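Residue numbers (this note's numbering): 15 to 668. Every residue, glycine too, gets a C-beta built ideally from N, C-alpha and C. Keep in mind it's a predicted model, so treat the numbers as computed, not measured.
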Ligand code: 3HC
Ligand code: NAI
């Protein structure tokens, strides 16, 4: 078998090049190849060594597929020790994304250069891990403890300019990276530049309470997760202990994290997210339709956020409303959102202005004659949606994709309102649509393959995580939410309080408990939806009696200042005795004797409700695979990432 690592002499420079598609991950063969090359180079005619990669990126990290498969030598820390111990200067030349073990490889080299577009980072925390090959020890020695804490606990990559500023790389190079790196290596040789070992540096002094501050922040921001706290411990060790001791602590905690259910869950999600974008039977080479302009019908809560998602990706949008007043309202909310992004430092003023300039409004559907894709986001009324699709059929050019953002309605029925059902698809965004990552793509019975493939690709372009669903009431996510919501109502009648249910679920890891979610979404939404359903579809009245009573009292949730809770002017939920009374009254109507429920029972029953519906969704083929359901719940419904999604949680907890 040929090695993925090539070693050759180019003049006086030994060039070690890794070629292991797709992302040059550090599989066993790559580690062995690096070790062999660096060892051979110690005794040959080379005067300095350059490590670089072929393909789209420098090494993007350890090979995640090898985790959990047992020990495979050589271990990365040993390979990196050999690199750092080289008697000849080693230069790492970075392009693409030098991440995790890849960036650690670069940090073990003596000099680092990068092209301007390169990104570096230690994203291990996003997989429930900590850097396992010296990252927590070398970054603080090069950039200081505070910068190391930011970089490693966030897991967010930084660009080459920032890395240069922090001292994590030495040089940004122009032109061809291979040539530039060799030229720099020759210069270093000519100057007699020494080997520089970052492990031999001392971490600059730190503020005395720095580590406690980070521990406290992380216990809120990454509640219940072990890896972020372990990262703080390792960086503290880098400050207080010699390199070898710090690295031994790092190694021990890395192995603990790797074997933890949290990391197993997060690695499952990493692959599930990538798998979700693949559709069985949809050929990889399906031709795509060009999407250079978007139309949006309805500039309300969803329409505005969807418009921003496209504008932020540089795609022009025309947003249609029923009147000038409605249009002004919609556009002014978009203005406010962009102003907020600038204020929070998420966008520069120029960038926000450029995005905003891509969104224009109109009140006449004729403005959509030339757009490549239209997304309908009008009220959730099936007849209105059909009327809108009939109009779109009249004005849109042949080949335009017609999408609906409906939460529940039958996409096949909506498609039949047009003469081109093959061009119709569901694109179900989540609120706030410019922020939430999930996009459920609803494949209708007649949706053409190229329409599906185009929308999947487009999702990536606008930085959403797509999951394909079949047609059913509520698709994957909202369909599962129904039994979950119903179970929460049964728990209330049986004896729990809204705050007990919400706190139990939040302590377990959900971003928000179910009753706070209902209050946020508006209790009137479910109420109106129920009016359109038959009694059979509504199900057991015990599962909706309390919210019906609340709505009929004018308690619509946060928007009216009261729902399952009352809300203060900071929108904080306050338990309300009036609600407790309503619940007790409803329980009495149904002859239910209230009792004390444990938090454990609450969590168990609510999660079981999700999982049972998930199983039905799988059996019916609505979701292609259980990982897709996990991706929906983590990216769309605040399910804790460290539990891997409801289906993974159920599988792993037996
Ligand atoms: N190991 C194994 N496979 C990997 C991988 C890795 N580290 N990173 C990516 N892949 C695979 C993906 O699963 C995908 O496979 P597929 O085509 O069969 O679905 C393929 O490479 C391409 O990945 P993406 O679709 O994600 O490609 P993008 O171009 O969108 O993104 C990337 C590239 C930014 C490198 C992204 O893949 C990524 O973030 N990868 C993970 C990086 C990471 O977490 N590294 C740290 C690993 S842990 C570690 O290094 C521990 C160390 O400290 C000891
Ligand atoms: P909304 O009430 O905030 O906005 C709807 C907008 O559509 C209004 O501004 C209205 O003036 C406009 N409109 C109505 N008829 C129109 C027509 N014929 N032509 C042009 N504009 C028209 O509603 P929201 O919340 O934005 O929901 C829109 C759709 O998105 C619904 O189908 C809803 O189920 C779905 N959805 C809503 C989510 C949410 O959290 N609000 C989440 C995901 C989907």
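*Run of the alpha helix (DSSP H) containing residue 20, from where it starts to where it stops*: Counted from its first residue, the chain shown places residue 20 at position 6. No alpha helix (DSSP H) contains residue 20, which is instead part of the beta strand (DSSP E) from 19-24.
*Give a single yes or no on whether residue 394 has its beta carbon closer than 7 angstroms to a heavy atom of the ligand NAI.*
Here the question's residue 394 lines up with position 380 in the chain shown. Yes, the ligand NAI has a heavy atom inside 7 angstroms of this Cβ.
_Out of 636, 559, 625 and 638, which one is the CA nearest neighbour of residue 601?_
Counting from 1 along the chain shown, the entry for residue 601 is found at position 587. Among 636, 559, 625 and 638, the Cα nearest to that of residue 601 belongs to 559.
*Determine the contact status of residue 373 and residue 321, defining contact as a CB-CB distance below 8 angstroms.*
For the purposes of this step, residue 373 is taken as residue 359 along the chain shown, with counting starting at 1. For the purposes of this step, residue 321 is taken as residue 307 along the chain shown, with counting starting at 1. Against a cut-off of 8 angstroms, the Cβ pair of residue 321 and residue 373 comes out as a contact.
*Cutoff 6 angstroms; reference residue 383; Cβ partners in own chain excluding five residues on either side*: Reading the chain shown from its first residue, position 369 is the one you call residue 383. Correct list, in chain order: 409.
*Under 8 angstroms between the Cβ atoms of residue 64 and residue 101?*
Counting from 1 along the chain shown, the entry for residue 64 is found at position 50. Counting from 1 along the chain shown, the entry for residue 101 is found at position 87. Cβ atoms of residue 64 and residue 101: not closer than 8 angstroms.
*Is it right to say residue 121 is buried, meaning 16 or more other beta carbons lie within 10 angstroms of its own, or is it exposed?*
In the chain shown, counting from the first residue as 1, residue 121 sits at position 107. Buried: at least 16 other Cβ atoms inside 10 Å.
_Suppose the cutoff is 8 angstroms on Cβ atoms and the five residues either side in sequence are ignored; what does the same chain contact list for residue 433 look like?_
Working through the chain shown from its first residue, we reach residue 433 at position 419. Taken in chain order, the residues that qualify are 407.
*Who pairs with residue 489 in a beta bridge, going by DSSP?*
Start at 1 with the first residue of the chain shown, and residue 489 comes out as number 475. DSSP, once it has assigned bridges, lists no residue as partnering residue 489.
*Is any heavy atom in the ligand 3HC found nearer than 7 angstroms to the beta carbon of residue 146?*
Stepping through the chain shown from its first residue, residue 146 is reached at position 132. At least one heavy atom of the ligand 3HC is nearer than 7 angstroms to the Cβ of residue 146, so yes.
*Could you check which residue in 242, 626 and 49 has the C-alpha nearest to that of residue 89?*
Here the question's residue 89 lines up with position 75 in the chain shown. When only C-alpha atoms are compared, the closest one is 49.
*Using three-state DSSP, classify residue 646 as helix, strand or coil.*
Numbered from 1 along the chain shown, position 632 holds the residue referred to as residue 646. If DSSP states are grouped into helix, strand and coil, residue 646 belongs with the helices.
*DSSP three-state assignment for residue 463, whether helix, strand or coil*: Taking the first residue of the chain shown as 1, we reach residue 463 at position 449. Residue state, collapsed to three classes: helix.
*Which value, in whole angstroms, describes the spacing of the CA atoms of residue 232 and residue 354?*
Working through the chain shown from its first residue, we reach residue 232 at position 218. Working through the chain shown from its first residue, we reach residue 354 at position 340. Going from the Cα of residue 232 to the Cα of residue 354 covers about 25 angstroms.
*asked:* What would DSSP say about residue 300, mapped onto helix, strand or coil?
replied: Within the chain shown, numbered from 1, the residue matching residue 300 stands at position 286. Coil.
*Under a three-way DSSP split, which group does residue 280 fall into?*
As a working mapping, residue 280 is identified with position 266 in the chain shown. Residue 280: helix per DSSP, three-state reduction.
*Could you tell me whether any non-hydrogen atom of the ligand GTP is closer than 7 angstroms to the CB of residue 548?*
What this structure holds is the ligand 3HC and the ligand NAI, not the ligand GTP.
*What residues in its chain sit with their C-beta under 6 angstroms from that of residue 35, if we drop five residues either side in the sequence?*
Here residue 35 refers to the residue found at position 21 of the chain shown. For residue 35, where only same-chain residues beyond five positions count, the Cβ hits under 6 angstroms are 69.
*Three-state secondary structure (DSSP) of residue 71*: As a working note, residue 71 is residue 57 in the chain shown. Looking at residue 71 - three-state DSSP - the assignment turns out to be coil, as it is neither helix nor strand.
*How many Å lie between residue 92 and residue 654 at the Cα?*
Counting from 1 along the chain shown, the entry for residue 92 is found at position 78. Counting from 1 along the chain shown, the entry for residue 654 is found at position 640. Computed Cα separation, rounded: 35 angstroms.
*The alpha helix (DSSP H) enclosing residue 345, as first and last residue numbers*: By one-based count along the chain shown, residue 345 stands at place 331. Here the alpha helix (DSSP H) through residue 345 covers 338-357.
*Go ahead and label residue 614 buried or exposed: buried means 16 or more other beta carbons lie within 10 angstroms of its beta carbon, across all protein chains shown.*
Sequence index remark: in the chain shown, residue 614 carries index 600 (1-based). By the neighbour-count rule (16 or more Cβ atoms within 10 Å), residue 614 is not buried but exposed.
_Neighbourhood of residue 513 by C-beta, 6 angstroms cutoff - its chain only, sequence neighbours within 5 removed_ = Position 499 of the chain shown, counted from the first residue, corresponds to residue 513. Excluding residues within five positions, the ones whose Cβ falls inside 6 angstroms are 589.
_On the DSSP bridge list, what partners appear for residue 173?_
Taking the chain shown and counting its residues from 1, the one referred to as residue 173 is at position 159. Residue 173 pairs with 133.
*From this set, 369, 62, 483 and 291, which residue's C-alpha is nearest residue 204's C-alpha?*
Counting from 1 along the chain shown, the entry for residue 204 is found at position 190. Cα-wise, what sits closest to residue 204 is 62.
*Under 8 angstroms, do residue 316 and residue 230 count as touching if we go by C-beta distance?*
Along the chain shown, one-based indexing puts residue 316 at 302. Along the chain shown, one-based indexing puts residue 230 at 216. Not a contact, by the Cβ cut-off of 8 angstroms.
*Please go through the same chain and pick out, in chain order, the residues whose beta-carbon is closer than 7 angstroms to the beta-carbon of residue 212, but skip the five residues on each side of it.*
Residue mapping note: residue 212 aligns to position 198 of the chain shown, counting from 1. So the qualifying residues of the chain are 121, 152, 155 and 156.
*According to the neighbour-count rule (16 or more other Cβ atoms, all chains shown, within 10 Å of its Cβ), is residue 510 buried or exposed?*
Against the chain shown, residue 510 aligns to sequence position 496. So residue 510 ends up on the buried side.
*Give me the Cα-Cα distance between residue 640 and residue 539, rounded to the nearest whole angstrom.*
Reading the chain shown from its first residue, position 626 is the one you call residue 640. Reading the chain shown from its first residue, position 525 is the one you call residue 539. If I take the Cα positions, the gap works out to 29 angstroms.
*Given residue 329, which residues of its chain have a CB within under 8 angstroms of its CB, disregarding the five upstream and five downstream residues?*
Against the chain shown, residue 329 aligns to sequence position 315. Same-chain partners within the cutoff: 305, 306, 307, 308, 372, 475 and 476.
_Please report the distance separating the alpha-carbon of residue 311 from that of residue 431._
Residue mapping note: residue 311 aligns to position 297 of the chain shown, counting from 1. Residue mapping note: residue 431 aligns to position 417 of the chain shown, counting from 1. Roughly 16 angstroms between the two C-alpha positions.
_Cβ-heavy atom distance, residue 391 to the ligand NAI, below 7 angstroms_ = In the chain shown, the residue the question calls residue 391 occupies position 377. Yes, the ligand NAI has a heavy atom inside 7 angstroms of this Cβ.
*In three-state terms, what does DSSP make of residue 497?*
Against the chain shown, residue 497 aligns to sequence position 483. Taken through DSSP and simplified to helix, strand or coil, residue 497 comes out as helix.
_Simplified DSSP state of residue 662, which is helix, strand or coil_ = Position 648 of the chain shown holds residue 662. Note: residue 662 maps to helix in three-state DSSP.
*Distance, residue 210 Cα to residue 99 Cα*: Your numbering for residue 99 matches position 85 in the chain shown. Your numbering for residue 210 matches position 196 in the chain shown. Taking the straight line joining both Cα atoms gives about 10 angstroms.
*Hey, residue 749 and residue 553 are a contact pair by Cβ (cut 8 angstroms); roughly how many whole angstroms apart?*
This structure does not reach residue 749, given that the chain is present from 15 up to 668, and the question cannot be answered.
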